[in-house]
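This report refers to the structure that appears directly beneath it.
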Amino acid sequence: MDSYVGVKRVLQTPGRVIEKTFTLSSGAKLPIVGLGTYRIRGEQLIYNVLDAALAAGYRSIDTATVYENEADIGNALQKLLPKYNLKREDIFITSKLAPFDQGGHRVVKAVSRSLEKLKLDYLDLYLIHWPGVANIDVSDKRNAELRFESWVELEKIHYHGEGTLKSIGVSNYTAQHLEELLDVCDVPPVINQIEFHPHYRQNDNLYKLCEKSNVLLQAYSPLGGSNSAYVLDEHPVNHVADIYQKTSAQVLLRWALQCGYAIIPKSVNPGRIVDNCDLDFTLSKEHFKMISNISYRKKYAWDPLPVM
Ligand SMILES: NC(=O)c1ccc[n+]([C@@H]2O[C@H](COP(=O)([O-])OP(=O)(O)OC[C@H]3O[C@@H](n4cnc5c(N)ncnc54)[C@H](OP(=O)(O)O)[C@@H]3O)[C@@H](O)[C@H]2O)c1
5 MDSYVGVKRV
15 LQTPGRVIEK
25 TFTLSSGAKL
35 PIVGLGTYRI
45 RGEQLIYNVL
55 DAALAAGYRS
65 IDTATVYENE
75 ADIGNALQKL
85 LPKYNLKRED
95 IFITSKLAPF
105 DQGGHRVVKA
115 VSRSLEKLKL
125 DYLDLYLIHW
135 PGVANIDVSD
145 KRNAELRFES
155 WVELEKIHYH
165 GEGTLKSIGV
175 SNYTAQHLEE
185 LLDVCDVPPV
195 INQIEFHPHY
205 RQNDNLYKLC
215 EKSNVLLQAY
225 SPLGGSNSAY
235 VLDEHPVNHV
245 ADIYQKTSAQ
255 VLLRWALQCG
265 YAIIPKSVNP
275 GRIVDNCDLD
285 FTLSKEHFKM
295 ISNISYRKKY
305 AWDPLPVM
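Positions 5 to 312 (the working numbering) are the ones given, in order, by the sequence shown.
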């Protein structure tokens, strides 16, 4: 895992972490820290969360069709961008193709729906959310066929869609899913968004493949997702947090960055939103290793391994 470079070089450049960007293979600049929005719903809550995030300096927001919050995010951005004197191009918005929209013929409509709800002319990044297809058994070969059809449609929109998808990528792809795609695609995915925290690391094959193919890894659930209490309560995490006078969440997030991952922590709490992007400190080799050495293994989110 130490060999995966990812955002490591960006971390070494001067400036605040929240302002740092990674140049994707499409040429677009992805902020290495973004705001996750899974399970954040409701107009007022979304407005408050985005207000706190933009004030803190976040410029990247991660959403998805299945989060059912795109419309509320769109409404909030319409009010908040002028408040912070921001233009559309100052922020980076990611959304995702739902498993029920997989397959060539549904993609164009799915992208239009996301754009309409978000009230945007373009998305900075659009991901295939999951390698599988809704209502098809994970062992069915049609998963592979349909997700490739989806990719071909995304390539077309990316090439010919008047700039409506600036970059395209994938999420929850195993090394095998990614290799299959890289072997046949015209436009390679710019990122693979995957679960990553001390209890769940990816295998070396995926790191090597991403490194070789210039696919950035972006960590979702960097705090452990809905099981964050288990990861935050790890003794080494609290111990290191005490040494650096940081919160346990900050230690986990900084560790993920130092592992080479871009991160998208989620919180509805304004104080935590601020803390989670205040990552201007460096874990020494010794303390980085203490977190890396946590041996407990558990995957908390959905597992793509069985998906054909
Ligand atoms: N592509 C995919 O399949 C996929 C899957 C899952 C997630 N994601 C994306 O990744 C984002 C992040 O992942 P996630 O939402 O699963 O989990 P996460 O960011 O790892 O953790 C969120 C949990 O940690 C709590 N938390 C946040 N900051 C904290 C802090 N400073 N101290 C203590 N607790 C804190 C949150 O509670 P409060 O909100 O109460 O603070 C929430 O319960 C998602 O929101 C979504 O955008 C993508």
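From the three backbone atoms N, C-alpha and C, an ideal C-beta is built for every residue, glycine too.
Tell me the rounded alpha-carbon separation between Ile267 and Gly38. 6 Å
Enclosing alpha helix (DSSP H) for Ile161 [first to last residue]: Arg146 to His164
Write down the C-beta distance between Cys214 and Ala60 rounded to the nearest angstrom, noting that I regard them as a contact closer than 8 Å. The pair is not a contact, with the Cβ atoms about 29 Å apart (cut-off 8 Å).
Does the Cβ of Ala233 have 16 or more other Cβ atoms within 10 Å, making it buried, or fewer, making it exposed? exposed
Beta-carbon separation (whole angstroms), Val191 vs Glu159, contact threshold 8 Å: 5 Å
Residues near Asp76 in its chain [Cβ-Cβ closer than 6 Å; skip 5 each side]: Glu47 and Ile50
Tell me the DSSP secondary structure of Ser118 in three-state form. helix
Since Ala68 and Lys100 are thought to touch, with beta carbons under 8 Å apart, how far apart are those beta carbons, to the nearest angstrom? 4 Å
Helix, strand or coil for Asn196 per DSSP? strand
Would you say the stretch 105–112 touches the stretch 167–176, given that touching needs at least three Cβ pairs under 8 Å? no
Output the boundary residues of the alpha helix (DSSP H) element that contains Gln206. Gln206 -> no alpha helix (DSSP H), and no H or E assigned at all.
Thinking Val21 and Ile36 are a contact (beta carbons under 8 Å), I'd like their distance in whole angstroms, please. 7 Å
Alpha-carbon spacing of Leu150 relative to Gly228, whole angstroms: 30 Å
Report the option in Pro226, Ser143, Lys216 and Thr286 whose CA atom is closest to the CA atom of Ser29. Lys216
For the stretch 121–137 and the stretch 288–303, state whether three or more C-beta atom pairs, one from each stretch, are separated by less than 8 Å. no
Beta-carbon within less than 8 Å of Leu257's beta-carbon, same chain only, minus the 5 sequence neighbours each way: which residues are those? Val37, Pro226, Leu227, Ile267, Pro269, Asn280 and Leu283
Could you tell me which residues DSSP pairs with Lys100 in its beta bridges? Leu131
Three-state secondary structure (DSSP) at Gly173? strand
Tell me the residue span of the beta strand (DSSP E) that contains Lys222. Residue identity check: residue 222 is Gln in the sequence provided, not Lys. First-last of the beta strand (DSSP E) with Gln222: Leu220 to Tyr224.
Based on the DSSP output, what are the partners of Thr168 in its beta bridges? Note: Thr168 sits in no beta bridge, so no partner.
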